[in-house]
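> This is the structure I have questions about; it appears just below.
Residue numbers (the working numbering), protein chains in the order written: chain V, 119 to 544; chain Z, 119 to 544.
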C-alpha cells in the first residue's frame with residue numbers, strides 16, 4: 119500500500135493509441151493478450167506492450183515514444199541495439215545461409231572461442247533457449263552420475279519448462295519430483311538437502327548471485343560458492359552454474375571466474391549473441407562422454423547467423439571497452455539515483471552488480487511505490503522495471519545516462535510532489 | 119547386410135578436406151564432434167558435416183561441392199534457401215529491431231494470420247523449438263483437464279526434451295512416467311491405452327501421418343483420426359496434432375484439414391518461417407483460459423525477424439504455386455525414381471506424401487543398401503537421406519529435378535554395377 123500525505127494523486131496514463139489498438143487485437147488471438155516475461159499485464163498501464171525499433175541505448179514503442187533502455191530486452195542486448203559490428207557479421211553470414219543441412223564453420227569457431235574464454239570449459243553445445251541450456255545441464259549431470267536429484271535454490275529462476283517454471287499450472291508432480299530446495303548463500307541448507315537425497319545427488323544448480331524477481335539482489339558469498347564446489351567434489355555431483363542471465367555482463371568469462379570457483383557445467387544464453395537467439399552449455403572433460411551419450415536437438419540449434427553474431431559480440435567484448443563501460447555507467451547510474459533519492463528524501467536500496475541494478479524503496483513491500491516510480495520514469499523517457507533487475511548495456515553514453523538520470527530525478531520529484539511514500543518509511 | 123554378386127566394391131570416399139579438418143577441430147570442442155539430428159557420424163562417410171551456403175534448391179558444403187537439396191535442413195526450408203521475398207521481409211524488420219522489450223506488431227499480425235488460415239485455431243502462442251511447442255501443448259492440456267496422462271504412438275518423435283527424447287540417457291523415470299503408448303493407426307490400442315489411465319487422460323498426441331525415422335511411412339487412416347477425435351470428445355481429453363514436421367507441406371492449414379478432423383491444439387515449427395527459428399502452438403477457445411494460466415517463456419520467443427519471415431512465407435504459400443510445385447515435383451521425383459529402380463532391377467518402396475518422400479529397398483532391413491545408394495547419389499550431386507524422410511521444397515525447378523534424377527539414376531547404376539543388392543531381394 120502507498121501512503122499519500124496530500125491529495126495530489128499520481129495517476130498514470132495508458133500506453134499510446136497504437137499500442138492500445140494492438141493490445142485489443144492481441145487479446146483476440148493470443149491467450150490473455152500476451153504471455154511470459156514480456157506480458158505487460160502486471161506492469162503500470164503506461165508501459166507499452168509493443169515496440170517498433172531499437173538503436174544503441176534507445177528503444178522506440180509503436181507510438182513513436184523513445185526511451186533510454188535500461189532493460190535491454192531483459193538481458194540479451196549487451197552492446198546496445200543493432201550494434202554495427204554484430205549486425206554486419208550477421209548480415210554477412212545471412213547472405214551465405216543460416217539454416218542448412220548441417221552447421222557452418224561458425225559453430226566450430228564459436229565453440230573454440232568459448233572454450234578459450236571460459237575457464238572451466240573444455241567443450242560447448244548450442245541450443246536456442248536458456249531453458250534448453252539449464253535442462254541440458256541437468257540431463258548431462260544425470261547421464262554422468264546415474265543419479266536423479268538436483269538441488270536448486272528456493273525462489274531461483276532457471277527457466278520455464280514444466281520442471282522449472284515458477285508457476286505450477288499444467289505441470290505434474292513427477293515433473294518436479296527430483297528437485298530439492300536449498301537457501302541461497304546458506305551452505306548448511308545445501309548440506310542438509312544433499313544429505314536428504316544421499317546417494318542420489320546428480321547436481322547442484324546455482325545462479326552466480328541471487329537475482330530472484332521481486333527481491334533485493336544478494337551477491338554470492340565466496341565461501342558459499344567454495345562450499346558448493348567442495349560438496350560436489352565429495353559427492354561426485356556436478357556443479358552447474360546458471361549463467362543465462364549474468365553471462366558476459368559481470369566478467370569476460372563465467373561469472374565465478376573472479377572468485378576462482380569452477381563449475382563443471384554452465385548454462386548460457388541471453389547476451390551471448392547480442393539479441394540473436396542462441397544458448398550454450400559449456401562443460402569440462404569429465405562430462406564430455408556423458409554429453410555424447412544423450413540425444414537432444416532442435417531444428418534451429420545449428421543455424422549460423424546467431425553464431426556469427428555471437429562471434430562478433432565476443433570480439434567487441436574482448437576489447438574491454440564494453441565491459442568497462444557497463445561498470446562505469448552502471449556505477450554512475452547507481453550513484454546518481456542514490457543522490458537523487460537523498461535529495462528527494464526517499465530511502466532506497468540498490469542491490470546486485472552495477473551492471474544488473476535492482477532498485478527498491480524501503481518499506482515498499484508490495485512494490486506499489488516502485489511501480490509509480492517506474493511509470494513516472496517511463497513518462498520521462500526511461501525504461502526500467504519495478505520488480506526485476508535491470509540490464510545496463512555497453513551502448514549507454516554520457517548523454518544517455520544524463521537523460522536517464524534526468525528522468526529518474528523527475529520521477530522522484532513527482533512522487534514527492536504527490537506525497538507518495540512507502541507506509542513504513544519516513 | 120549387403121550381398122554383392124561380383125567383386126567390384128562400392129567403396130565411398132570421405133567428405134572434402136576442409137570438412138575433415140573442421141571435423142577434427144570440432145572433435146576437440148564439441149562432445150563427439152557433433153550432436154543431435156545433424157550429427158553425420160552415422161551417415162555414409164561421404165556426407166559433409168559442415169555447409170557453406172544455400173540458394174534456392176541447392177546447397178554447397180564447405181569444400182564447395184554443390185548438391186540438389188532434397189532434405190532442406192530437415193524441413194525448415196520450404197520455399198528454397200534464401201527465398202527473396204522472405205529475405206527481404208526479414209531484412210526490413212531487422213533494420214528496425216528484432217529483440218526488444220516487447221514484441222512488435224508482427225506478432226499480432228502473425229497470430230491473426232495463423233488463426234485465419236488454420237481451421238481449428240482461435241489463438242496462437244510462439245516459441246523457438248518444435249519441442250517447445252509439443253511440450254506447451256501437453257502443459258496446456260494438463261492445465262485444462264487437471265489430468266496427467268498423455269497417449270503417444272510407439273516410435274513417434276515429438277521432440278528431444280527429457281520427457282520425449284528417443285534416447286533415455288540422462289532422463290529420469292519420472293520424466294516419462296506420464297506417457298502411455300499406443301500403435302499408430304490402431305484405434306483399439308488407443309482405446310486400451312485410454313482405458314488403462316481412466317480418469318487421468320489429459321491428451322492424445324499424434325502426428326499427421328506415421329513418419330518414424332528408419333521405417334516406411336504410413337498415411338493416416340481417416341477412421342483412425344476420427345476415432346481419436348471421438349475418444350477425446352468422450353473423455354474430455356485434448357487432441358494434440360504434432361504438425362511440427364508436416365505443417366504447411368501437406369496443406370495450407372493443419373495437416374488433417376483435408377480429412378476434416380479438427381485437433382484442439384496443434385504444434386508447429388520447422389517450415390513456418392522458411393528456416394528462421396520459430397515455433398507456434400495453435401489452440402481452440404476451450405483451451406484459451408488454461409493457456410493463460412501457465413507460465414512459459416523464452417528470451418527470444420517474441421523476436422520480430424522470424425515473425426516477419428513467417429508472414430512472408432505464408433504470403434508466398436497462400437498464392438498456391440509453391441504448394442502445387444511441391445506436389446508436382448514430388449510426384450515427378452517419385453515416378454522418376456520408381457522408373458529407374460525398375461530399369462536397374464531394384465525393388466523399392468516409396469512411402470508417405472510425395473512432398474515428404476521416404477525411400478527404402480525391399481529386404482534392406484539394416485539400410486545398408488540404402489546407405490550405399492545415398493552415398494552414391496551424393497557423389498552425383500543429390501543430397502538425400504537413407505533413414506529419414508526427405509523434404510521437397512517449392513524451389514525445385516525442372517532443371518533441379520533433372521539433375522536430381524540424373525544423380526539417382528547414376529546411383530542405381532553404380533549399385534547394379536557393383537552387384538549390390540539386399541539379401542532377400544531378387
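Where is the CB? At the ideal position from N, CA and C, for every residue including glycine.
Which chain V residues are close to residue 242 of chain Z, counting only those with a beta carbon under 7 Å from its beta carbon?
Position 124 of the second chain, counted from the start, is the residue given in the question as residue 242 of chain Z. What residue 242 of chain Z touches in chain V: 147 and 148.
> Between which two residues does the alpha helix (DSSP H) holding residue 465 of chain Z run?
If you number the second chain from 1, residue 465 of chain Z lands on position 347. Careful: residue 465 of chain Z lies outside any alpha helix (DSSP H) and carries neither H nor E.
> From this set, V:317, V:369, V:308 and V:420, which residue's C-alpha is nearest residue 348 of chain V's C-alpha?
Your numbering for residue 348 of chain V matches position 230 in the first chain. Checked all of V:317, V:369, V:308 and V:420; the closest Cα to residue 348 of chain V is V:308.
> Helix, strand or coil, according to DSSP, for residue 355 of chain V in the structure here?
Here residue 355 of chain V is taken as the residue at index 237 of the first chain, counted from 1. Note: residue 355 of chain V maps to coil in three-state DSSP.
> Beta-carbon within less than 7 Å of residue 503 of chain V's beta-carbon, same chain only, minus the 5 sequence neighbours each way: which residues are those?
In the first chain, counting from the first residue as 1, residue 503 of chain V sits at position 385. Result list for residue 503 of chain V: 189 and 492, in chain order.
> Excluding sequence positions up to five away, which residues of its chain have a Cβ less than 7 Å from the Cβ of residue 217 of chain V?
Taking the first residue of the first chain as position 1, residue 217 of chain V is located at position 99. Excluding residues within five positions, the ones whose Cβ falls inside 7 Å are 418 and 421.
> Which whole-angstrom value describes the C-beta separation of residue 473 of chain V and residue 448 of chain V, a residue pair presumed to lie in contact below a C-beta threshold of 8 Å?
Start at 1 with the first residue of the first chain, and residue 473 of chain V comes out as number 355. Start at 1 with the first residue of the first chain, and residue 448 of chain V comes out as number 330. Right, the Cβ-Cβ distance comes to about 5 Å (below 8 Å), so this counts as a contact.
> Do you know offhand how far residue 252 of chain V's Cα is from residue 208 of chain V's?
Here residue 252 of chain V is taken as the residue at index 134 of the first chain, counted from 1. Here residue 208 of chain V is taken as the residue at index 90 of the first chain, counted from 1. The straight-line gap from Cα to Cα measures roughly 26 Å.
> Does residue 199 of chain V have its Cβ less than 7 Å from a Cβ in chain Z?
Position 81 of the first chain, counted from the first residue, corresponds to residue 199 of chain V. Yes, its Cβ sits closer than 7 Å to a Cβ of chain Z.
> Mind checking residue 126 of chain Z: buried by the 16 CB within 10 Å criterion, or exposed?
In the second chain, residue 126 of chain Z corresponds to position 8, counting from 1. Residue placement at residue 126 of chain Z is poorly supported in this model, since its pLDDT is 43, which falls under 50; the coordinates are not used for a value here.
> Helix or strand or just coil, what does DSSP make of residue 126 of chain Z?
Here residue 126 of chain Z refers to the residue found at position 8 when the second chain is read from its first residue. Per-residue confidence for residue 126 of chain Z stands at a pLDDT of 43, beneath the threshold of 50, marking its modelled position as unreliable; the derived number appears in the next sentence. The answer is coil: DSSP assigns residue 126 of chain Z none of H, G, I, E or B.
> Is it the case that the CB of residue 483 of chain Z approaches a heavy atom of the ligand GTP more closely than 6 Å?
Here there are no bound small molecules, and the ligand GTP is not part of this structure.
> Can you tell me whether residue 378 of chain Z is buried or exposed, with buried defined as 16 or more other CB within 10 angstroms of its CB?
Within the second chain, the letter at position 260 stands for residue 378 of chain Z. When all chains shown are included, residue 378 of chain Z counts as exposed.
> Residues of chain V with CB closer than 8 Å to the CB of residue 258 of chain Z, please, in chain order.
The residue given as residue 258 of chain Z occupies position 140 in the second chain. Simply 288.
> Ignoring anything shorter than 3 residues, give me the beta strand (DSSP E) runs that lie fully in the stretch 439-505 of chain V, in order along the chain.
Runs found: 466-469 and 476-479.
> Which runs of the alpha helix (DSSP H) spanning at least 4 residues fall entirely within the stretch 243-307 of chain Z, listed in chain order?
Counting only runs of 4 or more, we get 248-263.
> Would you tell me roughly how many angstroms separate the C-alpha atoms of residue 153 of chain Z and residue 220 of chain V, rounded to the nearest one?
The residue labelled residue 153 of chain Z in the question sits at position 35 within the second chain. The residue labelled residue 220 of chain V in the question sits at position 102 within the first chain. Distance between the alpha carbons of residue 153 of chain Z and residue 220 of chain V is about 11 Å.
> Enumerate in chain order the residues of its own chain whose CB-to-CB distance from residue 521 of chain V is below 7 Å, with the five nearest sequence positions on each side excluded.
The residue you call residue 521 of chain V lines up with position 403 of the first chain. Here the set comprises 186 and 499.
> Using a Cβ-Cβ cutoff of 9 Å, what residues of the stretch 393-420 of chain Z are near chain V? List them in chain order.
Those would be 393, 394, 395, 396, 397, 401, 405, 406, 407, 408, 409, 410, 411, 412, 413, 414, 415, 416, 417, 418, 419 and 420, in chain order.
> Which first and last residues belong to the beta strand (DSSP E) in which residue 384 of chain V is found?
For the purposes of this step, residue 384 of chain V is identified with residue 266 of the first chain, where counting begins at 1. Start and end: 383-386.
> Nearest chain V C-beta to residue 285 of chain Z closer than 7 Å, yes or no?
Taking the first residue of the second chain as position 1, residue 285 of chain Z is located at position 167. It does; some Cβ of chain V falls within 7 Å.
> Let's test the definition: count the other Cβ atoms within 10 Å of the Cβ of residue 133 of chain Z and tell me whether it reaches 16, buried, or not, exposed.
On the second chain, position 15 is the one that residue 133 of chain Z refers to. Buried.
> Select from Z:313, Z:443, Z:533 and Z:484 the residue whose C-alpha is nearest the C-alpha of residue 198 of chain Z.
For the purposes of this step, residue 198 of chain Z is identified with residue 80 of the second chain, where counting begins at 1. For the residues Z:313, Z:443, Z:533 and Z:484, the minimum Cα distance to residue 198 of chain Z belongs to Z:443.
> Name the one or two DSSP bridge partners that residue 522 of chain V has.
Position 404 of the first chain, counted from the start, is the residue given in the question as residue 522 of chain V. According to DSSP, which records beta bridges pairwise, residue 522 of chain V is partnered with nothing at all.
> Residue 260 of chain V: which of V:357, V:300, V:149 and V:415 sits nearest, CA to CA?
As a position in the first chain, residue 260 of chain V is number 142, starting the count at 1. For residue 260 of chain V, the nearest C-alpha among the options comes from V:357.
> Can you name the residues of chain Z whose CB is closer than 8 Å to the CB of residue 192 of chain V?
Here the question's residue 192 of chain V lines up with position 74 in the first chain. Those within 8 Å of residue 192 of chain V in chain Z are 219 and 417.
> Tell me, please, whether the CB atom of residue 167 of chain V is closer than 7 Å to any CB atom in chain Z?
As a first step, residue 167 of chain V must be located in the first chain, where it is residue number 49. Taking Cβ atoms only, chain Z reaches closer than 7 Å to residue 167 of chain V, which makes this a yes.
> Residues of chain Z with CB under 8 Å from residue 226 of chain V, in chain order?
Counting from 1 along the first chain, the entry for residue 226 of chain V is found at position 108. In chain order: 140, 143, 144, 147, 148 and 168.
> Thinking C-beta only, is residue 144 of chain Z closer than 7 Å to residue 226 of chain V?
Position 108 of the first chain, counted from the first residue, corresponds to residue 226 of chain V. Position 26 of the second chain, counted from the first residue, corresponds to residue 144 of chain Z. Result yes, Cβ atoms of residue 226 of chain V and residue 144 of chain Z sit closer than 7 Å.
> Taking residue 186 of chain V as part of the beta strand (DSSP E), name the residues at either end of that continuous run.
Mapped onto the first chain, residue 186 of chain V falls at position 68. Its beta strand (DSSP E) spans residues 184-187.
> Starting from residue 177 of chain V, trace the beta strand (DSSP E) both ways and give me its first and last residue.
Looking up residue 177 of chain V in the first chain gives position 59. From DSSP, the beta strand (DSSP E) with residue 177 of chain V extends over 176-179.
> What number of angstroms, rounded off, separates the C-alpha of residue 137 of chain Z from the C-alpha of residue 326 of chain Z?
Within the second chain, residue 137 of chain Z is the residue found at index 19, counting from 1. Within the second chain, residue 326 of chain Z is the residue found at index 208, counting from 1. Spanning the two alpha carbons is a distance of roughly 36 Å.
> Here's the rule: buried if 16 or more other CB atoms are within 10 angstroms of the residue's CB, otherwise exposed. What is residue 284 of chain Z?
As a first step, residue 284 of chain Z must be located in the second chain, where it is residue number 166. Burial call: exposed.
> Interface residues of chain Z around residue 216 of chain V at Cβ under 8 Å?
Residue 216 of chain V sits at position 98 when you count from the first residue of the first chain. The answer, in chain order, is 393 and 394.
> As a quick exercise: from Z:495, Z:331, Z:389 and Z:511, pick the residue whose alpha carbon is nearest that of residue 439 of chain Z.
Numbered from 1 along the second chain, position 321 holds the residue referred to as residue 439 of chain Z. When each option's Cα is compared against that of residue 439 of chain Z, the closest is Z:511.
> Does any residue of chain V have a CB that is nearer than 7 Å to the CB of residue 436 of chain Z?
Here residue 436 of chain Z refers to the residue found at position 318 when the second chain is read from its first residue. Residue 436 of chain Z does not count as touching chain V.
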